[in-house]
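Before any comments, here is the structure.
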Amino acid sequence: FTNLTSVGNIGSAAIYVGLEELIRTKEIKQGDKILLLVPESGRFSYGTVLLTAD
Numbered sequence: 550f551t552n553l554t555s556v557g558n559i560g561s562a563a564i565y566v567g568l569e570e571l572i573r574t575k576e577i578k579q580g581d582k583i584l585l586l587v588p589e590s591g592r593f594s595y596g597t598v599l600l601t602a603d
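The numbering used here puts the first residue of the sequence shown at 550, with every later residue one more than the last.
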């Protein structure tokens with residue numbers, strides 16, 4: 550999934566905007582697993598969250 554062409558580079562807000570778009574368009578179904586991966590700019594660090602749609 551990418552929304553870069555529709556919203557541009559919005560930095561750290563992109564993960565929330567993308568998740569909201571997936572929910573709004575009903576592309577996420579109950580039981581789907583969603584992996585959120587956010588790289589930290591400038592270093593070799595990542596934050597991850599694994600969600601299950603309810």
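Beta carbons are placed, not taken as given, at the ideal position from N, Cα and C, and that holds for glycine.
List the endpoints of the continuous alpha helix (DSSP H) containing Thr597.
From DSSP, Thr597 is part of no alpha helix (DSSP H) but of the beta strand (DSSP E) over Ser594 to Thr601.
Please state the DSSP three-state secondary structure of Leu577.
Before going further, note that residue 577 is Ile rather than Leu in the sequence given. Correct three-state label for Ile577: coil.
If Leu571 sits next to Phe550, beta carbons under 8 Å apart, how far is it from one beta carbon to the other, in whole angstroms?
6 Å
Are Asp581 and Ala602 closer than 8 Å when you measure CB to CB?
yes
Cβ shell of Gln579 (< 8 Å), same chain only, five flanking positions each side left out:
Ala602 and Asp603
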